Structures are given as structure tokens and as C-alpha cells.
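Counting with UniProt numbering, you get residues 1 to 159 for the letters of the sequence shown.
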Amino acid sequence: MRHIISVLVENKFGTLNRVAAMFSARGFNLESISIGETENTEISRMTIVTRGDDQIISQVLKQLNRLVDTIKVSDLTHQAHVERELLLMSLKLNTTSRTEIFELINVFKGKVVDIKQKSITIEIVGSPDKINTAIDLFRPFGIRELARSGAVAIHRGEH
């Protein structure tokens with residue numbers, strides 16, 4: 001099962017490396033990992049997406065809590081949360097596909113971030129399902145290059 005884990009860590013050199021090394025040493029799979037500063041520049045939030053049964057996830061959470069720079073670990077999977085990914089995708093562009101591509105960009109509430117005579121680069125933000133669907137629907141136009149951020153997630157706010 002897919003799990004989304006939020007980890008608050010001290011914003012120190014080597015923290016990301018220690019987390020990645022822990023996953024590697026234990027044979028845990030990292031589907032994606034995103035990290036960035038929080039509202040406090042001394043703290044960073046890691047959003048880790050991994051897969052495993054309850055026993056494996058329990059071990060992952062215990063190991064993350066044992067790391068020196070860890071402040072707080074939360075498994076957001078079964079909690080109310082907001083999750084987003086960023087997709088940057090460069091597509092082949094020609095006169096016959098131009099209109100269809102722009103219509104799809106609007107459907108996904110995407111943005112054009114670069115356009116040339118024979119290519120267009122777009123940005124789409126959304127849930128992993130939305131990103132996967134966008135990739136599938138744009139694929140027939142010819143994807144030149146694609147980059148995904150991986151999930152970023154936080155708890156949902158209170159009423």
C-alpha cells in the first residue's frame with residue numbers, strides 16, 4: 001500500500017543523505033522524496049512516498065524517529081491531508097496539434113511556461129492521479145521531456 005510520510009527535520013547539512021541511506025540500508029523503497037524549508041528556516045519538511053505493508057511502514061516510522069535530526073514523523077496516509085505534485089512537460093508542437101494541446105492545458109488548469117516553433121513546455125499542479133492522467137492524455141502528442149516533483153503534503157487545516 002502507498003504511504004505518505006511527513007517528516008520535520010532540523011535544516012542541517014547531510015540530513016537528506018541520512019534519510020536516503022536509512023531507506024537504502026533497510027531495503028525500503030522510496031517512491032519519491034521532496035524536501036524544503038518550512039515557515040521556520042531552521043526546520044525542513046520532507047514528504048516521503050513509499051510502499052509497504054503495515055509491518056514495513058511501522059519499521060520505516062521507527063527508523064525515521066531514531067535519526068538524530070528528526071523532530072516529528074507523521075504518516076498522513078489515513079489522515080486528512082492535502083497532497084500535490086508539480087509536472088513540467090515539454091511536448092512536440094505543430095500546427096495540427098496546437099489547438100488540441102491548448103484545450104488540454106486548459107482542462108488541466110495548466111500553464112504554458114515556454115513555447116517555441118516546434119515545442120511547448122507546460123506546468124501542471126495537482127494530485128498524483130491528475131498528473132498521471134495528464135501524462136497519459138498528452139503522450140499521443142509526443143512528450144519530449146518530463147519532470148515530476150514527487151508529492152508534497154501537509155495536514156488539512158482545522159474548520
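Glycine is no exception: its CB is placed at the ideal position from the N, C-alpha and C atoms. Source: prediction; values computed, not measured.
- Around the beta carbon of I143, fewer than 16 other beta carbons lie within 10 angstroms, which makes this residue exposed.
- Taking the C-beta atoms as reference points, E100 is found no nearer than 9 angstroms to P128.
- Under the three-state reduction of DSSP, L93 is assigned to coil, being neither helix nor strand.
- Between M46 and V7, the C-beta gap is smaller than 9 angstroms, which places the two residues in contact.
- The Cβ-Cβ distance between A147 and L64 does not fall below 9 angstroms.
- The residue from F108, R98, L30, G157 with its alpha-carbon nearest to that of T50 is L30.
- F108 counts as buried, since at least 16 other C-beta atoms from the protein chains shown sit within 10 angstroms of its C-beta.
- In this structure, G150 and S44 do not form a Cβ contact; the two beta carbons are roughly 15 angstroms apart against a cut-off of 8 angstroms.
- In summary, A134 is buried, with 16 or more beta-carbon neighbours lying within 10 Å of its beta-carbon over all protein chains present.
- E123 and Q117 have their C-alpha atoms roughly 18 angstroms apart.
- The three-state reading of DSSP puts M22 in helix, counting H, G and I together.
- At least 9 angstroms separates the beta-carbon of V60 from that of R18.
- Taking Q55 as reference, the option from F13, I48, H3 with the minimal CA-CA separation is H3.
- The Cβ atoms of L93 and S119 lie closer than 9 angstroms to each other.
- By the criterion of a C-beta distance shorter than 8 angstroms, N11 is surrounded in its chain by E37, T41, E42, I43, S44, once the five residues flanking it on both sides are discounted.
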